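Residue numbers (my numbering): -2 to 517.
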């Protein structure tokens, strides 16, 4: 029997999370005490349901935290009145030094022009969030935090590191490569052998069976084995479509007015719904008027064009017969590197680590991510010209043409390396050894080396040199994925892609939460 718990829901879309919260309350006696909104979810966009009204209708006593306010370090009145009385102790600060660096990097998302949120302001924001969350945890005393996905928005990342230090369970959901396949975890930085245990058991008992792979997972695997054009990942296609919208000024104007409307009738300390800091204001009071917003976006478009032009001027074609590790850059800023890459959020460090632990006649081929310059993304916040120039200076690094097919590069590579990119999974399927620098679902697949420290870094050469491909390893891993993931959606945009309904998603998510909690 489940023990009654007080629950903090972090950045949860009302579809399906209100339904999940209702079931956990009715079945387990878990009472929602604090709810951080995720404003722009399926229910808001398609049914025009107000998240604040919807949450309050079901849970009238819950304290509701507006999402944009959370980004800006503005908390509900109950917290603002008391947070000054909370102080992070010295040991806590020291213990979280590396986390602080990661949090400061996450704040790139708030600094759209790269000049509006300086280091001192970021430090203040980090400790401001720290004090506020200490107050929240003390005042509302949640026994568990349930998060819609990995905490990667700085405000919820700070919440995560405090919860970890206080041993407050923090459950988060991640997606597998197939839309509608997700799983729960309680650690950003480790899969904790979630899939590997079953892989080893399947292989040791000779129970490898293609028929035991779920149909949707099997179909995805077959698509990955096909050409890149035929098997292109669903989100890659969708993001290219969204890029056309993002570059349309009528769409931008509509989006601006749509987001700046006050949705809840509540008193909020902002006049525009945008997370970006305006250099003229403090983060807590930041806002943009339409001309400023348009100018900011126009400058970002121009900056991205210049970056791409520079990259293409420095790129070169592969050299026939050359031994190389392919390292496709990640789009940044994004959860896949921050926080999932840890200190390897700096991709230059990954490349240097590969070079330091491989023979001098091996090269690293670097290719920019196809989404880095998209108009509706935030890539302008996380690239500077010196990244490309410094990479080019090293004679063992070659920048690949931007439009070159990654699968062609995978085919001729001796290995593929990534932080957490799905290119790693593609490489495994294409019979290549993989070196990763972050936490991702395929880290439990045989053929993957996860670099965490100097000891594992020193294994890079041996891992590649001694790699032997076996499809049985892949099939066993897919059997484990079939067993240890659930069919549900948990985030904006996934409902339509998964073709699942809210009720079945909520039922499966509740089962997954109960399973994870009972195993802790």
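Note that the Cβ used here is the ideal one computed from N, Cα and C, for glycine as well.
On a predicted model such as this, the values are computed, not experimentally measured, just so you know.
For residue i, three-class secondary structure by DSSP
{"i": "residue 273", "result": "coil"}
{"i": "residue 87", "result": "helix"}
{"i": "residue 438", "result": "helix"}
{"i": "residue 497", "result": "coil"}
{"i": "residue 387", "result": "helix"}
{"i": "residue 7", "result": "strand"}
{"i": "residue 265", "result": "Because the pLDDT of residue 265 is 39, which lies under 50, any placement of that residue in the model is unreliable, and the number read from its coordinates should be weighed accordingly. Here residue 265 sits in coil by DSSP."}
{"i": "residue 124", "result": "helix"}
{"i": "residue 510", "result": "helix"}
{"i": "residue 31", "result": "strand"}
{"i": "residue 412", "result": "strand"}
{"i": "residue 477", "result": "helix"}
{"i": "residue 342", "result": "helix"}
{"i": "residue 288", "result": "helix"}
{"i": "residue 382", "result": "helix"}
{"i": "residue 111", "result": "coil"}
{"i": "residue 134", "result": "helix"}
{"i": "residue 449", "result": "coil"}
{"i": "residue 298", "result": "helix"}
{"i": "residue 117", "result": "helix"}
{"i": "residue 166", "result": "coil"}
{"i": "residue 505", "result": "helix"}
{"i": "residue 463", "result": "coil"}
{"i": "residue 326", "result": "coil"}
{"i": "residue 488", "result": "coil"}
{"i": "residue 260", "result": "Because residue 260 carries a pLDDT of 41, less than 50, the predicted location of this residue cannot be relied on, and the following value inherits that uncertainty. Residue state, collapsed to three classes: coil."}
{"i": "residue 362", "result": "strand"}
{"i": "residue 320", "result": "strand"}
{"i": "residue 76", "result": "helix"}
CB of residue i within 7 Å of CB of residue j, strictly
{"i": "residue 354", "j": "residue 454", "result": "yes"}
{"i": "residue 507", "j": "residue 46", "result": "no"}
{"i": "residue 499", "j": "residue 16", "result": "yes"}
{"i": "residue 429", "j": "residue 397", "result": "no"}
{"i": "residue 133", "j": "residue 477", "result": "no"}
{"i": "residue 64", "j": "residue 35", "result": "yes"}
{"i": "residue 330", "j": "residue 369", "result": "no"}
{"i": "residue 352", "j": "residue 393", "result": "yes"}
{"i": "residue 93", "j": "residue 158", "result": "yes"}
{"i": "residue 271", "j": "residue 145", "result": "no"}
{"i": "residue 13", "j": "residue 503", "result": "yes"}
{"i": "residue 307", "j": "residue 406", "result": "no"}
{"i": "residue 188", "j": "residue 151", "result": "no"}
{"i": "residue 155", "j": "residue 126", "result": "yes"}
{"i": "residue 336", "j": "residue 143", "result": "no"}
{"i": "residue 87", "j": "residue 129", "result": "no"}
Whole-angstrom C-beta distance between residue j and residue i, which should lie under 8 Å
{"i": "residue 321", "j": "residue 362", "result": "5 Å"}
{"i": "residue 160", "j": "residue 170", "result": "Not a contact, Cβ separation roughly 16 Å."}
{"i": "residue 211", "j": "residue 479", "result": "4 Å"}
{"i": "residue 529", "j": "residue 69", "result": "Since the first residue shown for the chain is -2 and the last is 517, residue 529 is missing from the structure and cannot be characterised."}
{"i": "residue 304", "j": "residue 382", "result": "7 Å"}
{"i": "residue 521", "j": "residue 175", "result": "With the chain running from -2 to 517 in the structure shown, residue 521 is simply not present."}
{"i": "residue 481", "j": "residue 292", "result": "About 49 Å separates the two Cβ atoms, so there is no contact after all."}
{"i": "residue 360", "j": "residue 319", "result": "6 Å"}
{"i": "residue 572", "j": "residue 18", "result": "This structure gives no information on residue 572, because the portion of the chain shown stretches from -2 to 517."}
{"i": "residue 147", "j": "residue 332", "result": "5 Å"}
Neighbourhood of residue i by C-beta distance below 8 Å, restricted to the same chain and skipping five residues each side
{"i": "residue 177", "result": "213, 484, 485, 486, 491, 494, 495, 496, 497"}
{"i": "residue 505", "result": "483, 484, 485"}
{"i": "residue 280", "result": "69, 70, 107, 114, 118, 122, 274"}
{"i": "residue 529", "result": "Nothing about residue 529 can be reported from this structure: the residues present for the chain run from -2 to 517 only."}
{"i": "residue 163", "result": "134"}
{"i": "residue 425", "result": "431, 439, 442, 444, 445, 471"}
{"i": "residue 218", "result": "210, 426, 471, 475"}
Residues near residue i by beta carbon distance below 6 Å, same chain, minus five either side
{"i": "residue 416", "result": "327, 334, 338, 341, 434, 435"}
{"i": "residue 31", "result": "5, 60, 137"}
{"i": "residue 422", "result": "439"}
{"i": "residue 26", "result": "1"}
{"i": "residue 140", "result": "2, 3"}
{"i": "residue 181", "result": "168, 170, 509, 513"}
{"i": "residue 437", "result": "417"}
Same chain only: Cβ atoms within 7 Å of residue i, ignoring 5 sequence neighbours per side
{"i": "residue 111", "result": "378"}
{"i": "residue 52", "result": "11, 15, 32, 59, 61"}
{"i": "residue 312", "result": "396, 397, 398, 399"}
{"i": "residue 461", "result": "411, 412, 430"}
{"i": "residue 519", "result": "What is shown of the chain runs -2 to 517, which leaves residue 519 out entirely."}
{"i": "residue 193", "result": "441"}
Cβ of residue i within 7 Å of any chain C Cβ
{"i": "residue 117", "result": "Note that chain C does not occur in the displayed structure, where there is just one protein chain."}
- Query: Counting only runs that start and end within the stretch 168 to 223, where is the beta strand (DSSP E) found for 3 or more residues in a row?
  - Reply: 178 to 182
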